[in-house]
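Heads up: the sequence shown begins at 3 in this note's numbering, then just goes up one per residue.
We put the CB at the ideal spot given by N, CA and C, even for glycine.
Taking it in order: structure first as structure tokens, then the write-up.
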Amino acid sequence: MAYLGELISIGVAFSWTATALLSEYGSKRLGNLTLNVLRMSLALVFSMVMFWVVMGSPLPVGGSAEAYGWMLLSGLVGYVIGDFCLFQCYIIIGSRYGQLFMTLAPLSAALTAWLTLGQQMTPMSILAMFVTLAGIGISVLGRGERHKVALKLPLKGVLFAIGAALCQGIGLVLSKIGMDHYDIGAIPKWLVPFSANFFRCIAGIIGFTLLLYFREGLTPLRKAIHDKRGMSVATATTIFGPFIGVGFSLMAVQYTSAGIASTLMALTPIIILLPSYWLFHERITMKAIIGAIISVAGVSLFFLG
3 MAYLGELISI GVAFSWTATA LLSEYGSKRL GNLTLNVLRM SLALVFSMVM FWVVMGSPLP
63 VGGSAEAYGW MLLSGLVGYV IGDFCLFQCY IIIGSRYGQL FMTLAPLSAA LTAWLTLGQQ
123 MTPMSILAMF VTLAGIGISV LGRGERHKVA LKLPLKGVLF AIGAALCQGI GLVLSKIGMD
183 HYDIGAIPKW LVPFSANFFR CIAGIIGFTL LLYFREGLTP LRKAIHDKRG MSVATATTIF
243 GPFIGVGFSL MAVQYTSAGI ASTLMALTPI IILLPSYWLF HERITMKAII GAIISVAGVS
303 LFFLG
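Encoded structure:
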């Protein structure tokens, strides 16, 4: 089928849009830490079911101790720190602005790969960074009472959003390092990222459970388990995010180039504009639309360059 990869990529962008909106609602209803403990646990269960169906065993195989170590570290950075920051920014500034800042994640990954793996930064990549930053700046900056330029959003929420993007990029590179230590002969190539994500989820469960225990105790978790609507949101968030989102993003690059797939999957900040208006009554300005388009264009330059 022609353009199958492109269609899958656009579907992934919609899937991640649903994840962002559900996560904003779920974080406000259940709490950031509680929702993440549930997400990580459900993602682990879904992964075990998939391994059992595909490989005949609920546990992943094919990785060395070194690979598992890198994946646990990736889970600590990408899930525990990154998702904590992301969901916290959803609570403070909303999923629409949160996803706009997440366009910085590929740029964070490029810088991390440059520092750790020696991957070169091309002039086009550097230009892409400035274009993406310009798009974000147009959306979130305005005139203040005392200054010509002022931040329209709470600084705390912006810092959480930037932290989430940085951690997602760093976590991605750590995952790549870990997956390079897998034995492809012992496991289908397409299953390696899911096996890697299994150990990232383990790190996520441990990290989020400890944070929840020391900050709020386990009472919120017990209450959430008996909250039918909250559990429905947590389940949907898990399916659209770490399960379907990851799986179909990997499938997309099998049918089209990684650059085209990544660019189309980066459309979330634009797709989310109307749903955030309908669900959360967030006002859409022309500046917000222009800023989102410029930011996505920056990501396009990064991948297509």
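Selection G232, M267, G139, G33 evaluated against L9 yields M267 as nearest (Cα-Cα).
Each residue's CA atom was taken as its position, placing L275 and G120 some 37 Å apart. For R217, the number of other beta carbons within 10 angstroms of its own is below 16, and it is reported as exposed. Closest in C-alpha terms to M253, from the list T239, T36, M123, K191, comes K191. If you ignore the 5 residues before and after S29, its C-beta comes within less than 6 Å of the C-beta of L37, F89, Y92, I93, all in its own chain and listed in chain order. Minimum Cα-Cα distance from S177 among the listed residues P271, G139, D185, V79 corresponds to V79.
Counted as a single uninterrupted DSSP element, the alpha helix (DSSP H) harbouring F196 occupies residues 194-217. Looking at the backbone, the Cα of I83 and that of F162 are separated by about 10 Å. The straight-line gap separating the alpha-carbon atoms of A22 and R98 is approximately 8 Å. Taking L281 as reference, the option from W18, I12, P271, L24 with the minimal CA-CA separation is L24. Looking at the DSSP output, Y184 shares a beta bridge with G65. Fewer than three Cβ pairs drawn from the region 130-139 and the region 43-62 lie within less than 8 Å of each other, which leaves the two stretches out of contact. Following the DSSP letters along the chain, one finds Q121 in no alpha helix (DSSP H), marked with neither H nor E. Listed in chain order, the non-local C-beta contacts of S43 below 7 Å within the same chain comprise I207, local neighbours out to five positions each way being set aside. Here the region 195-204 makes contact with the region 63-80; the two share three or more CB pairs at distances below 8 Å. Counting of Cβ neighbours within 10 angstroms places I292 among the exposed residues, the total staying below 16. The beta carbons of G33 and P222 sit closer together than 8 Å. By the neighbour-count criterion, in which 16 or more other beta carbons inside 10 Å mark a residue as buried, Y70 falls on the buried side. Shown here for V14: same chain residues with a beta carbon closer than 7 Å to its own, the five before and five after excluded, namely G247, F250, S251, A254, M267 in chain order. The bridge partners DSSP lists for L153 are L143.
Just measuring C-alpha positions, the residue of S11, S17, T105 sitting nearest V298 is T105. Cβ contact annotation for I172 (same chain, cutoff 6 Å, sequence separation greater than five): V79, T114, in chain order.
Distances from the CA of A188 to each of P62, V47, S11 were compared; the closest alpha carbon is that of P62. Taking a C-beta distance under 8 Å as the contact criterion, V142 and L153 qualify as a contact pair.
With respect to the C-alpha of G64, the residue from L174, D185, V47, S11 having the closest C-alpha is D185.
Sequence-distant partners of E26 (beyond 5 residues in either direction) whose C-beta falls short of 7 Å from its own C-beta, in its chain, are Y92, G96, S97.
F242 places its beta carbon less than 8 Å from that of A20.
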